[in-house]
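One structure below.
Chains as they are written, first to last, in our numbering: chain A, 330 to 440; chain B, 8 to 121.
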């Protein structure tokens, strides 16, 4: 069935390091793809999205490109900060009504 | 414009009891979805309401039920609580539209079943 799979963590980085979190999808069609972030004790916040192949979503220094050839939507940031420590979720919307989430990747950035 | 608000933020219930969780959608949004997020996992879709009707349902038993009111606020009801129902329950609201329409999440209700 339609689903997303993301790299599981935890991931621990030093400040200013490069971050990549892998996300791939399985779908019969072409989903809209999202990255959400969850800070400790909080709900989910949309980080970025892409709705069709080759779209690039970007926000707060994070980027992800919708790659149809590799069915991927990897999240990247060139220089992380301590404030980027959070849980990151890849999600796909395969039809009109629900988001399907990956298991989440916990990122910890050390000063 | 107010965001999505959920109440209560935390509660503890005993196995077998019933619970009602509440969600006020963001202004202008007519669609509300509920998700269950178990500890260390991604959110799982429970159901969605659009204009007071259930519009889609995930793989949850009938003891999970919901309502949407004319002002688009919503309730999630869970009967006969089980220990595995302990989770963070998230409400998300959105405006009707294409699949890429953004969903805005509330802070969640942390339910503990003992």
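Backbone N, C-alpha and C fix where the C-beta goes; we use that ideal spot for every residue, glycine too.
Bear in mind that the values here come from a model prediction, so they are computed numbers and not experimental data.
CB contact below 7 Å: residue i versus chain A
i: residue 25/B; result: no
i: residue 63/B; result: yes
i: residue 89/B; result: no
i: residue 113/B; result: yes
i: residue 18/B; result: no
i: residue 68/B; result: no
i: residue 35/B; result: no
i: residue 127/B; result: Because chain B is modelled from 8 through 121, residue 127/B falls outside the range shown and cannot be assessed.
Straight-line gap, residue i to residue j (C-alpha atoms, nearest Å)
i: residue 87/B; j: residue 45/B; result: 18 Å
i: residue 461/A; j: residue 114/B; result: Past the edges of chain A, shown from 330 to 440, lies residue 461/A, and the structure says nothing about it.
i: residue 52/B; j: residue 99/B; result: 10 Å
i: residue 27/B; j: residue 408/A; result: 43 Å
i: residue 37/B; j: residue 119/B; result: 29 Å
i: residue 371/A; j: residue 416/A; result: 10 Å
i: residue 32/B; j: residue 72/B; result: 18 Å
i: residue 365/A; j: residue 121/B; result: 30 Å
i: residue 344/A; j: residue 433/A; result: 21 Å
i: residue 14/B; j: residue 93/B; result: 16 Å
i: residue 357/A; j: residue 331/A; result: 7 Å
i: residue 361/A; j: residue 101/B; result: 15 Å
i: residue 431/A; j: residue 333/A; result: 5 Å
i: residue 440/A; j: residue 348/A; result: 15 Å
i: residue 40/B; j: residue 54/B; result: 6 Å
i: residue 427/A; j: residue 25/B; result: 26 Å
i: residue 402/A; j: residue 103/B; result: 25 Å
i: residue 69/B; j: residue 75/B; result: 17 Å
i: residue 16/B; j: residue 398/A; result: 43 Å
Cβ neighbour criterion (16 or more within 10 Å) applied to residue i
i: residue 116/B; result: buried
i: residue 19/B; result: exposed
i: residue 382/A; result: exposed
i: residue 429/A; result: buried
i: residue 23/B; result: exposed
i: residue 369/A; result: exposed
i: residue 413/A; result: buried
i: residue 411/A; result: exposed
i: residue 50/B; result: buried
i: residue 34/B; result: exposed
Proximity test, Cβ basis, 7 Å: residue i and chain B
i: residue 392/A; result: no
i: residue 356/A; result: no
i: residue 362/A; result: no
i: residue 368/A; result: no
i: residue 373/A; result: yes
i: residue 418/A; result: yes
Counterpart residues of residue i in DSSP-defined beta bridges
i: residue 117/B; result: 17/B, 95/B
i: residue 374/A; result: 366/A
i: residue 396/A; result: 401/A
i: residue 90/B; result: Partner(s): none; residue 90/B has no beta bridge.
i: residue 55/B; result: 40/B, 63/B
i: residue 420/A; result: 363/A, 430/A
i: residue 74/B; result: 82/B
i: residue 386/A; result: 393/A
i: residue 348/A; result: 406/A
i: residue 28/B; result: 83/B
i: residue 332/A; result: 355/A
Neighbour list for residue i in chain C, Cβ cutoff strictly below 9 Å
i: residue 428/A; result: Protein chains A and B are contained in the structure displayed, whereas chain C is not.
Interface positions of the region 396–407 of chain A facing chain B (Cβ-Cβ less than 9 Å), listed along the chain: none
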